[in-house]
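Report on one structure; see the data block that follows.
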Amino acid sequence: MATRTAAQRREEAPSAYDAFLGDRPTDQLLGLLGDKWVGLVVSALRDGPMRYSDLGRRIAGVSQKMLTQSPRSLERDGLVTRTVTPSVPVRVDYGLTELGHSLSGPLSALKVWAETHFDRVHEARGRYDGEVAA
């Protein structure tokens, strides 16, 4: 039996990839991409590979647990590479794969949008919360 590409499978059964239908392969991926640490890791690596410690300094407030888990899940999905250099101490570098670079643009745009529109969202929340409390 011939192997079909993902594009061919989507064409044959588009509803199988429709995230609006729920319980689809895309659901897990969208859940991963909605994680704030994942978005920040991908955005941080956009300009090139970084050591684990540099990545931790770049992303303020990230716990060691999340700094380990997020790149690991991205590595599993083929978005990040992890290179271990045996030394004392061990050096670990993370970088984006080609697939990761294709995602970095949209995630970086989302980060910029959030930074640009934070004040407007904060004001809207204040108005809404004031109306709901009244």
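First residue of the sequence shown: 100, per the working numbering; consecutive thereafter.
For each residue, glycine too, the CB sits at the ideal point set by N, CA and C.
Exercise. What are the uninterrupted segments assigned as alpha helix (DSSP H) that are 4 or more residues long and contained completely in the region 149 to 216, given in chain order?
Worked result: Inside the region 149 to 216, DSSP marks whole alpha helix (DSSP H) runs of 4 or more residues at positions 151 to 157, 163 to 175, from first to last along the chain.
For this session: Can you tell me which of T184, L129, T180, A223 puts its alpha carbon nearest to the alpha carbon of L198?
Result: Ranked by how close their Cα comes to the Cα of L198, the residues T184, L129, T180, A223 have T180 in first place.
Problem set entry | Contact test: D218 Cβ vs the ligand ZN heavy atom, cutoff 8 Å | Absent from the structure shown: the ligand ZN. Ligands present: none.
Exercise. Which one of L128, G130, S142, S162 has the shortest CA to CA distance from Y193?
Worked result: Comparing Cα-Cα distances from Y193 to each of L128, G130, S142, S162, the minimum goes to S142.
For this session: From the DSSP output, in three-state form, read off G130 for me.
Result: If DSSP states are grouped into helix, strand and coil, G130 belongs with the helices.
Exercise. Looking at the unbroken alpha helix (DSSP H) that takes in L139, where does it start and where does it end?
Worked result: L139 -> alpha helix (DSSP H) spans 135 to 143.
Exercise. Touch check for the region 170 to 179 and the region 195 to 210: three-plus C-beta pairs under 8 Å?
Worked result: Taking 8 Å as the limit for Cβ pairs, the verdict is that the region 195 to 210 does touch the region 170 to 179.
Exercise. Would you call L154 buried or exposed, if buried means 16 or more other Cβ atoms sit within 10 Å of its Cβ?
Worked result: Buried, by the Cβ-count rule.
Exercise. Where does S169 land, buried or exposed, given buried means 16+ other C-beta within 10 angstroms?
Worked result: So S169 ends up on the buried side.
Exercise. Roughly how many angstroms separate the alpha carbons of L166 and D126, rounded to a whole number?
Worked result: Cα to Cα, L166 sits roughly 23 Å from D126.
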